[in-house]
Each structure stands twice: as structure tokens, then as C-alpha cells.
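Visitor:
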Ligand SMILES: [Mg+2]
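In our numbering, the protein residues as written are -1 to 374.
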């Protein structure tokens, strides 16, 4: 049996010039932070994870050193406890799955019991744009082979954003499924704007029904269970959410109260692959869709691809893609190879062991930093 010998955490920041004006952040981003977690064993293997910045984790590394890397249930219990006391430690869960796969010589999706090695991507835009600009993005997505695209809408630009949804539908007809993300579920620490009330969400849903939207994402605060239940009764559009909701009992409540049609927890920010593999099956058994959020970097994207392919048979998975501001080169700068869909919008899962990714050590050296923040 092998043993964990150390956990190594490094921070990196990729300068973004021009800055990235993410729709969910009132401050355009000048830096793209990335925290890499490496878990080493005594036979020279290294598991890799990334996602949350792991602030406050250092005190807890001792609970993993000396342990069997394959003791997944034990590690999940400790990570859940740390998730209560300190940070979101789930990048370590991804790293442990990567290490387990390398130890067993199997890809993670197959270890999870998956029977398919491909999954269809939807292009997930990140910037709110004018109708003319958004139409250009949609045409580019069709040309790139995507069959679905997610658009962003928000408070201060709501009418213009809704006009952009209509313009895109007019431009591409039914050649793209269109998802719409309202970004009301949570806020960045420095954003004090209140989330929508039910009345606003219903009004927006009416407008989106007219454009045959595939799902409406995060239309209300994540804890507004009554609002979600009521909204689902008011609209025919499936409602999506839960991308960074933390606790298993919250998801159980969202299921029990019929709040969501589409469950989107991201395994590098919440519950890990170990926890979400069970939730994915519960969601599917309830007749709902499980398809993780993946916005972050290429390692998080790959961890969620492996999870989705291994468990749920999701119709689409999020693929952050919004050039020129958000490219696969920026997103995957820490990897030797960018993750790309084929020309019909499918992503093929790697056959290699673990997560099937390789770090670009030169890029990581160049971007090494003291902290993992979005501005200097
Ligand atoms: Mg979202």
C-alpha cells in the first residue's frame, strides 16, 4: 500500500490584458488566479487538483500525510469537516481522485462507473454584450460546432441583455439551444447589490419563454427555496442552480421542495467528486438533470467532465468559452494542452489514468505569486 507523503499548494496569477469583464463581477478582472494542489505519495506519483484558493488549509494537511491515498470515504469525511471550519478544500478531493486513478491505472470517469467517454459541451459566454456583439458570438459558436450557448443577463443592462437573447434567436433560429444565466444565486465579496425578487424573476421568465430558452439559471438567491418553488409553477422553462451551494442537506431540500430542474454543483468548489457522485445519482433518480458548473480553469473543467461522464449522462456540460476576452488559452494556461471540443461540440474524455491532464511547469513558474486574487 502506498502512503501520502505531502500536500503542496502553490498560487499563480495570469495577467489579463485586456481585463476580463465577467458578468458576475462588477470589477473587470486584471488577473486570473489559479491555485494548484499536488498530493504526493511515497511511490513517486502526484495527484493534481485546482479550483478554490484553499485559504486556511495549511493547518489541516497533517490529517492526510501518512494515510492511504485510496481511502476515499475517510478523506471525504475530513474534507467535509474542513469545509465547515475553514475553506472549500475540494481541489484536494480532485487531486486524490487523480492520484487514485494513477495508482489503479484507470481514468476517473471509468472508476466512477461511467459507460461513455464523451459528453456534449455548451459554449458558456462570460460577458454581457450588445445584441449585435452577442449575435457575432452565437454565429462563432455555431461555426465552432457548438449546438448550445449560454448567455448572461443582469440588472443594470437587463433590457439590452434580453434584446440580445432575442437577436441571437432571430440570427441562429433553432441551430442553437440557448441557456440564460441570471447570476442571482450568489455575489462576489465586494458586490452589495441585492438579488432579484420572485416578481422580477417571473417577469424575466415570461420574456425568455418567448425565445424558447432551454434553461433559466440562478434567477433568485440560492436560499430562496419558496421563490424557486413558486417560479417553477409560473413558468415552463426549466430552472437551474446550485453551482456553489455547499451542503448536501441544502441539495436534499432543493430536491424535496421541487426548487430546481437542473442541478449544477461544481466538484472543485463543493462536495468534491466523492460527494457529488452520489448526489448526481439522486438527482437522476428524481427525474432531474445533473450537469456541473465548470467556470474556472481547465483542471476544474476536467474534474467536472470526469464526474459528469462517470455518473449522469447529462445532455450538455458547461464549456467556458467567450473569445476574445475568454479563450481556452487563458482558461487552460496551466496545462500542456488546452481542452477542446470536436467540430460537432463533443468533448472526448482522456483514456489516461486519473484526470488525464499534465501541468505546464514553465507556465506555472512564470505566473507564480504570493496570493490568488483577481486584482493586484
Ligand atoms: Mg452560472
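We put the beta carbon where it would ideally sit given N, CA and C, even for glycine.
Please read all numbers here as calculations on a predicted model, not as lab measurements.
Check whether the region 224 to 231 touches the region 204 to 213, taking contact to mean three or more Cβ pairs, one atom from each stretch, closer than 8 Å.
Guide: These segments do not touch.
Visitor: Assuming residue 385 and residue 267 make a contact with CB atoms under 8 Å, what is their CB distance in whole Å?
Guide: One cannot answer for residue 385 here, as it falls past the ends of the chain, which runs -1 to 374.
Visitor: Decide yes or no for the touch test of the region 105 to 121 against the region 338 to 349: beta carbon pairs closer than 8 Å, at least 3 of them.
Guide: Counting Cβ pairs under 8 Å, three or more are found: they touch.
Visitor: At a cut-off of 8 Å, is residue 215 close to ligand 1 when judged by its beta-carbon and the heavy atoms of the ligand?
Guide: Within the chain shown, residue 215 is the residue found at index 217, counting from 1. Checking the Cβ of residue 215 against ligand 1 gives yes.
Visitor: Is residue 175 near ligand 1, in the sense that its beta carbon is under 8 Å from a heavy atom of that ligand?
Guide: Position 177 of the chain shown, counted from the first residue, corresponds to residue 175. Result no, Cβ not under 8 Å from ligand 1.
Visitor: For ligand 1, is there a heavy atom less than 8 Å away from the beta-carbon of residue 259?
Guide: Within the chain shown, residue 259 is the residue found at index 261, counting from 1. No, the beta carbon of residue 259 sits no closer than 8 Å to any heavy atom of ligand 1.
Visitor: Can you look up residue 206 in the DSSP assignment and give me helix, strand or coil?
Guide: Here residue 206 refers to the residue found at position 208 when the chain shown is read from its first residue. The answer is helix: DSSP assigns residue 206 an H, G or I state.
Visitor: Take residue 353 as the anchor and find which of 363, 29, 242 and 97 has the nearest alpha-carbon.
Guide: Mapped onto the chain shown, residue 353 falls at position 355. Nearest C-alpha to residue 353: 97.
Visitor: Counting only runs that start and end within the region 153 to 214, where is the beta strand (DSSP E) found for 3 or more residues in a row?
Guide: As far as the region 153 to 214 is concerned, its whole beta strand (DSSP E) runs of at least 3 residues are 175 to 179.
Visitor: For the beta strand (DSSP E) that contains residue 7, what are its first and last residues?
Guide: Indexing the chain shown from 1 puts residue 7 at position 9. Residues 2 to 18.
Visitor: Ignoring anything shorter than 3 residues, give me the beta strand (DSSP E) runs that lie fully in the region 44 to 119, in order along the chain.
Guide: Qualifying beta strand (DSSP E) stretches, in chain order: 44 to 48.
Visitor: Just verifying my parser: in three-state terms, what is the DSSP assignment at residue 256?
Guide: The residue labelled residue 256 in the question sits at position 258 within the chain shown. Residue state, collapsed to three classes: coil.
Visitor: Output yes or no for whether 9 Å exceeds the beta carbon distance between residue 39 and residue 2.
Guide: The sequence position of residue 39 within the chain shown is 41, counting from 1. The sequence position of residue 2 within the chain shown is 4, counting from 1. Their beta carbons are under 9 Å apart, which means residue 39 touches residue 2 by this criterion.
Visitor: My understanding is that residue 132 touches residue 166, with C-beta atoms under 8 Å, so please give their C-beta distance in whole angstroms.
Guide: Locating residue 132 in the chain shown gives position 134, where the first residue counts as 1. Locating residue 166 in the chain shown gives position 168, where the first residue counts as 1. Between residue 166 and residue 132 the Cβ distance is about 6 Å, and since that is below 8 Å, they are a contact.
Visitor: Expressed to the nearest angstrom, what Euclidean distance is found between the alpha-carbon atoms of residue 11 and residue 365?
Guide: As a first step, residue 11 must be located in the chain shown, where it is residue number 13. As a first step, residue 365 must be located in the chain shown, where it is residue number 367. Distance between the alpha carbons of residue 11 and residue 365 is about 5 Å.
Visitor: From residue 155 to residue 100, what does the alpha carbon distance come to, in whole angstroms?
Guide: The residue you call residue 155 lines up with position 157 of the chain shown. The residue you call residue 100 lines up with position 102 of the chain shown. Each residue's Cα considered, the two are about 47 Å apart.
Visitor: Residue 216: buried (16+ other C-beta within 10 angstroms of its C-beta) or exposed?
Guide: As a working note, residue 216 is residue 218 in the chain shown. With 16 or more other Cβ atoms within 10 Å, it is buried.
Visitor: Do you know how far the Cα of residue 159 is from the Cα of residue 152?
Guide: Translated into the one-based positions of the chain shown, residue 152 becomes position 154. Translated into the one-based positions of the chain shown, residue 159 becomes position 161. The alpha-carbon atoms of residue 152 and residue 159 are separated by roughly 7 Å.
Visitor: Got a sec? Which residues, its chain only, sit under 8 Å from residue 136 by beta carbon, not counting five neighbours each side?
Guide: Along the chain shown, read from residue 1 onward, the residue named residue 136 stands at position 138. Closer than 8 Å at Cβ, skipping near neighbours: 147, 166, 169, 170 and 174.
Visitor: Assuming contact is defined by CB atoms lying nearer than 9 Å, are residue 125 and residue 4 in contact in what I supplied?
Guide: The residue given as residue 125 occupies position 127 in the chain shown. The residue given as residue 4 occupies position 6 in the chain shown. Going by C-beta atoms, residue 125 is not nearer than 9 Å to residue 4.
Visitor: When you compare only the Cα positions, how much space is there between residue 43 and residue 371?
Guide: The sequence position of residue 43 within the chain shown is 45, counting from 1. The sequence position of residue 371 within the chain shown is 373, counting from 1. Roughly 29 Å between the two C-alpha positions.
Visitor: Report yes or no: do three or more beta-carbon pairs, one from the region 293 to 307 and one from the region 254 to 261, lie closer than 8 Å?
Guide: Taking 8 Å as the limit for Cβ pairs, the verdict is that the region 254 to 261 does not touch the region 293 to 307.
Visitor: When you compare the region 69 to 86 with the region 106 to 115, are there three or more beta-carbon pairs, one atom per stretch, that lie closer than 8 Å?
Guide: These segments do not touch.
Visitor: My assumption, with CB atoms under 8 Å, is that residue 298 sits in contact with residue 320. Please give the rounded CB distance.
Guide: By one-based count along the chain shown, residue 298 stands at place 300. By one-based count along the chain shown, residue 320 stands at place 322. Wrong, their Cβ atoms sit about 17 Å apart, outside the cutoff.
Visitor: Give the range of the beta strand (DSSP E) segment to which residue 146 is assigned.
Guide: Mapped onto the chain shown, residue 146 falls at position 148. That run of the beta strand (DSSP E) goes 146 to 150.
Visitor: Only counting the same chain, and skipping five residues up and downstream in sequence, which positions put a Cβ closer than 6 Å to that of residue 55?
Guide: Start at 1 with the first residue of the chain shown, and residue 55 comes out as number 57. Here the set comprises 85 and 87.
Visitor: Put residue 266 into one of helix, strand or coil per three-state DSSP.
Guide: Here residue 266 refers to the residue found at position 268 when the chain shown is read from its first residue. Three-state DSSP puts residue 266 in coil, outside helix and strand.
Visitor: Tell me which residues share the same chain as residue 93 and place their Cβ nearer than 6 Å to its Cβ, disregarding the 5 neighbours each side in the sequence.
Guide: If you number the chain shown from 1, residue 93 lands on position 95. Excluding positions up to five away in sequence, the list reads 35, 37, 45, 46 and 47.
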